[in-house]
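Each remark here refers to the structure printed beneath this line.
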Amino acid sequence: MPLSGNGTPAPQGAASLTPTSLSFAPQQVGTTSASQSVTLTNTGAGALAVGSITPSGDFLLSGNLCTGKTLTPNQSCAATVAFKPAASGARTGSLSFADGAPNSPQTVALSGNGVVVQLTAPSTPTLAA
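Position 106, counted from 1, in the sequence shown is what the numbering used here calls 165; the numbers after and before it change by one each time, with no gaps.
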């Protein structure tokens, strides 16, 4: 007696990032800004395995509570990123989250301005005779 049937695919995890972009205040070249946070939420019906989180440009990962975690549906984790400009002017980069979601990696756009602080020497006072 032949049997036939259709399998149901296992539920998948889906990733959602909040926010999708971060803008940093002007920062002195060579110094590190305060960190800003990004939240990854599993919006799917299945588990979501989180792999690596990678910053690019003049941005660095300052905290990571996501890598190596498996998020259940509606569970979240957070990562923090800081800005350390290597040069003056507009600087851009991204924070990429590699995970088990079909649209992996997800990215957050990062931007900031590097500034050089100009120090001026006080003028020499002139003494009247």
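Cβ coordinates follow ideal geometry from the N, Cα and C atoms, glycine included.
For residue j and residue i, believed in contact at Cβ under 8 Å, the rounded distance
| i | j | result |
| --- | --- | --- |
| S170 | S82 | 5 Å |
| I112 | F142 | That belief does not hold up - the Cβ atoms of I112 and F142 are roughly 16 Å apart, past 8 Å. |
| V167 | L154 | 4 Å |
| D117 | G66 | Between G66 and D117 the Cβ distance is about 48 Å, and since that is not below 8 Å, they are no contact. |
| G122 | S94 | 6 Å |
6 Å CB neighbourhood of residue i in its chain, flanking five on each side removed
| i | result |
| --- | --- |
| A149 | N172 |
| S163 | A157 |
| K128 | V109, C136 |
| Q134 | N101 |
| Q71 | G103, G105 |
| G159 | G72, L107, A108 |
Range of the contiguous beta strand (DSSP E) that encloses residue i
| i | result |
| --- | --- |
| F249 | This structure leaves residue 249 out entirely; the chain is present only between 60 and 188. |
| A108 | 107-114 |
| T139 | 135-142 |
| Q165 | 165-174 |
| T131 | Neither: T131 is in no beta strand (DSSP E) and is coded neither H nor E. |
| L154 | 148-158 |
| V123 | Note that residue 123 corresponds to Asn in the displayed sequence, not to Val. Residues 118-123. |
Residue j beta carbon less than 8 Å from that of residue i
| i | j | result |
| --- | --- | --- |
| N174 | Q86 | At residue 174 the sequence reads Val, which differs from the Asn that was named. Result yes, Cβ atoms of V174 and Q86 sit closer than 8 Å. |
| V88 | A145 | yes |
| L76 | L107 | no |
| A138 | L120 | yes |
| V97 | P78 | yes |
| A104 | S92 | no |
Residues near residue i by beta carbon distance below 8 Å, same chain, minus five either side
| i | result |
| --- | --- |
| C125 | L99, V109, I112, C136, A137, A138, F156 |
Residues near residue i in its chain [Cβ-Cβ closer than 7 Å; skip 5 each side]
| i | result |
| --- | --- |
| A69 | G105 |
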